[in-house]
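Quick notes on the structure that follows.
This is how it looks when you write it as structure tokens:
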């Protein structure tokens with residue numbers, strides 16, 4: 001993966017998502033794991049310009065425990 005904090009990517013199939021994970025990025029993230037878990041977030045790839053680009057990107061979460069107002073988006077994984 002090219003970007004810092006990026007762990008992998010997912011492609012949307014007809015009935016499932018498939019993808020890849022960067023083992024080196026996972027090893028680095030594991031050093032800062034909380035209770036043996038790595039927090040991740042998945043974002044839709046709004047910059048997809050070619051068919052072979054991923055539909056979603058997996059990144060390390062920067063969750064701090066503070067609740068922020070979230071924008072409701074009903075188009076999750078559409």
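Residue numbers (our numbering): 1 to 78. Every residue gets a Cβ at the ideal spot worked out from N, C-alpha and C, and that includes glycine.
Enclosing alpha helix (DSSP H) for residue i [first to last residue]
i, result
"residue 25", "23-30"
Run of the beta strand (DSSP E) containing residue i, from where it starts to where it stops
i, result
"residue 6", "6-12"
"residue 43", "40-44"
"residue 57", "56-60"
Span separating the alpha-carbon of residue i from that of residue j
i, j, result
"residue 19", "residue 62", "22 Å"
"residue 65", "residue 39", "12 Å"
"residue 53", "residue 24", "21 Å"
"residue 3", "residue 22", "11 Å"
Where residue i sits in the DSSP three-state scheme
i, result
"residue 37", "strand"
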